[in-house]
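Report on the following structure.
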Amino acid sequence: MDCRNRNTPPPIRCWLIALLLAMATPLRAAAQEPIDRPGHSELSTLFASPGFRNNMLDKIGRPVLAAGTRSVLGHQAVSPARYVADLNYYASPGISRTLGQQIASSVVDADPGQTRHIRELLASGRVWQRFDRVLSGTGYSSRNLADVMAWYYVTSWEIINEQDAPPALYRAVRDQIAESLQYSPEVLFMSNAEKQRVSESIGIMCTIVDDGSQQLRDQGDQIGYLAVQNAVRESLLEQGLDMKRLRLTRRGFSTQ
């Protein structure tokens, strides 16, 4: 695999291509045929690239992330009580396709040779479908903004603290975030399309980070895992959240 390019570090491109190929390969076939993965010298991951990470956060939207930060910290937004946001949305295939193409463009510009394959993979919806299956398997809905954001924050907490959160605590965080988001002005008047774009951007980002970190742990690549872990923590710190200082409780996240 030729991952050379003048503008982007080879480890990031190679690791992304390997991860996307892994997502595209049926599990049975993957067990029979080894997937081309980078070696121990390939320590960088896609999310460790500040350019890609910032691109994804911009697609989610800084105002929505600010509302999410408030919800995690337990700071209630001020909003007239008669206005309550509907956190559910109906999915439009057209929006999913456009978003997949935009995300693909943000990474394949650095490696034109892989443009067609990565565009086809993201356009197929497989990365998002993977996220959808994970959420539905735990009783969450990928068509609900609070469910999706709760998964983002809890998954980030797990990666940063190297702990698994019990299902009951997932639900507590979901309720905490929903209670805050439904009164958040940043969310209150979001259109159906905006909620879909935000949710699917978060889902794709979570899938890449979660699958990637798990793959590195399975390979025993502790240095690579730490690179992802540090990138996730840095991303949350930029949003005003230090997951090292937050505890998961039966009432959600707590600073106590």
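Taken in order, the sequence shown gives residues -29 to -1, 1 to 227; the numbers are from mature numbering (1 follows the signal peptide of the UniProt record, and there is no 0).
Note that the Cβ used here is the ideal one computed from N, Cα and C, for glycine as well.
Counting only residues of its own chain and dropping the five nearest sequence neighbours on each side, A121 has a CB closer than 6 Å to the CB of V144, R145, I148. The three-state secondary structure of F224, taken from DSSP, is strand. For T40, the enclosing alpha helix (DSSP H) has its first and last residue at 33 to 44. Using a C-beta cut-off of 8 Å, the segment 135 to 143 makes no contact with the segment 166 to 174, since fewer than three inter-stretch Cβ pairs fall below that distance. DSSP places S184 inside the alpha helix (DSSP H), whose first and last residues are 163 to 189. Comparing C-alpha distances from M27 to each of S42, F160, E91, A75 shows the shortest one belongs to A75.
Considering only E129, Q134, S95, L159, the residue with the shortest C-alpha distance to A117 is L159.
In the structure shown, L219 falls within a strand segment according to DSSP collapsed to helix, strand and coil. The criterion of a C-beta distance shorter than 7 Å is satisfied by W128 and M214.
Around the C-beta of R168, 16 or more other C-beta atoms lie within 10 Å, and the residue is accordingly described as buried.
For Y61 and E165, the gap between their C-alpha atoms comes out near 11 Å.
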